[in-house]
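J.: With this note's numbering, letter number 39 in the sequence shown gets 806, and the count goes up by one each step, no holes. Here a beta-carbon is modelled for each residue, glycine too, at the ideal position from N, C-alpha and C. What you are looking at is a predicted structure, and each value in this text was computed from that prediction instead of being measured.
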Amino acid sequence: MPHRHESYFHLHLVSDATGETLMTVGRAAAVQYATVSAIEHVYPLVRSQKQLDRVISEIENNPGIVLYTLVDPELSERLETKCREFGCPSMSVLAPVLAMFQNYLGAASTPRVGAQHMLNAEYFQRIDALNYTMMHDDGQLPENWEEADVLLVGVSRTSKTPTSIYLANRGIKTANIPMVPGIALPPQIESLKKPLVVGLFASPERIVQIRENRILSLNATQDKSSYVDRTAVTEEVAQSRRLFTNKNWPMIDVTRRSIEETAAAIITYLKDHRRSLADQGHF
């Protein structure tokens, strides 16, 4: 094995498509090692020997772990051969999954480069959801909320916007509504039938910490005492939770949740919500 610096390692991600699958897998594995950091080298759209040769040169100059998704067997074999010469561990991320599929289905796959990114109905659904979500961020255009799949409600700094965008990338139209002390929620929310309304909250300590960091990053000079006051924030959170309970909206504590975990919980609620609407003949 090549000598590796103790604080980092090189992670080469070689794909004949966009490389998104590899980045997700590579980062999910790398984050498990708190004492070392991965230096990512991402090579998308590698579909020829000439392109692969440039990748191989980079791997030779910066030895490390190599993950790849290459449909062309000749490219895969050449990359594997060179990695063995360099002493670099390498793995086809999709190969074991495809082998399991083949074993279960009893048929070999038909190689299709970048097939997961074809412009199908699901792709356009995601684009439509992203457009909707960006236009309905932070309480905008309440007259269109009935078109949403999900409405997120919460006080400032409860991860409403990033969660909305993550859901939109899953094809879920999401609007979000901030709760501001002393200001009632828009009346349109009372008459909604289709959307699932979800309340997000966090511990006062966490919200104060995020707000203080936000103020510092913006170099804000205006009066901000109530915005970061522990007592005031505690009351904000308590009021939001009382509202969620009174409205019978599902609520999620995002204090220690990642965006992905929060979104996964919302998607589960949404499935139940859609089943309920279907049972009532509304969906």
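To the nearest angstrom, report how far apart T836 and F868 are at their CA atoms.
T.: Here residue 836 refers to the residue found at position 69 of the sequence shown. Here residue 868 refers to the residue found at position 101 of the sequence shown. Distance between the alpha carbons of T836 and F868: 16 angstroms.
J.: Where DSSP assigns a beta bridge to T941, which residues make up the other side?
T.: As a working note, residue 941 is residue 174 in the sequence shown. According to DSSP, T941 bridges with V917.
J.: On a CA-only basis, which of H777, N1013, A942 is nearest G906? Give me that one, please.
T.: Here residue 906 corresponds to residue number 139 of the sequence shown, with the count starting at 1. Out of H777, N1013, A942, A942 has the C-alpha closest to the C-alpha of G906.
J.: Classify Y899 as buried or exposed, calling it buried when 16 or more other Cβ atoms lie within 10 Å of its own Cβ.
T.: Working through the sequence shown from its first residue, we reach residue 899 at position 132. That one is buried.
J.: Quick check on this structure: which residue in A935, V920, G854, A915 has the alpha carbon closest to the alpha carbon of F1011?
T.: Numbered from its first residue, the sequence shown carries residue 1011 at position 244. Cα-wise, what sits closest to F1011 is V920.
J.: On a Cα-Cα basis, can you pick out the residue from S857, R924, I932 that is closest to I894?
T.: As a first step, residue 894 must be located in the sequence shown, where it is residue number 127. Closest option to I894, Cα to Cα, is I932.
J.: Could you check the C-alpha separation between A915 and V964 for me, to the nearest Å?
T.: One-based indexing of the sequence shown puts residue 915 at position 148. One-based indexing of the sequence shown puts residue 964 at position 197. Cα to Cα, A915 sits roughly 10 angstroms from V964.
J.: Roughly how many whole angstroms lie between the Cα atoms of Y890 and T998?
T.: Mapped onto the sequence shown, residue 890 falls at position 123. Mapped onto the sequence shown, residue 998 falls at position 231. Between Y890 and T998, the C-alpha separation is close to 46 angstroms.
J.: Give me whichever residues DSSP pairs with Y810 in a beta bridge.
T.: To locate residue 810, count along the sequence shown from 1; it is residue 43. Answer by DSSP bridge pairing, in chain order: V781.
J.: According to DSSP, simplified to helix, strand and coil, what is V838?
T.: If you number the sequence shown from 1, residue 838 lands on position 71. Correct three-state label for V838: coil.
J.: Can you give me the Cβ contacts of L739 inside the same chain, cut-off strictly under 8 angstroms, excluding the 5 residues immediately before and after it?
T.: Residue 739 is absent from the structure shown; the chain starts at 768 and stops at 1050.
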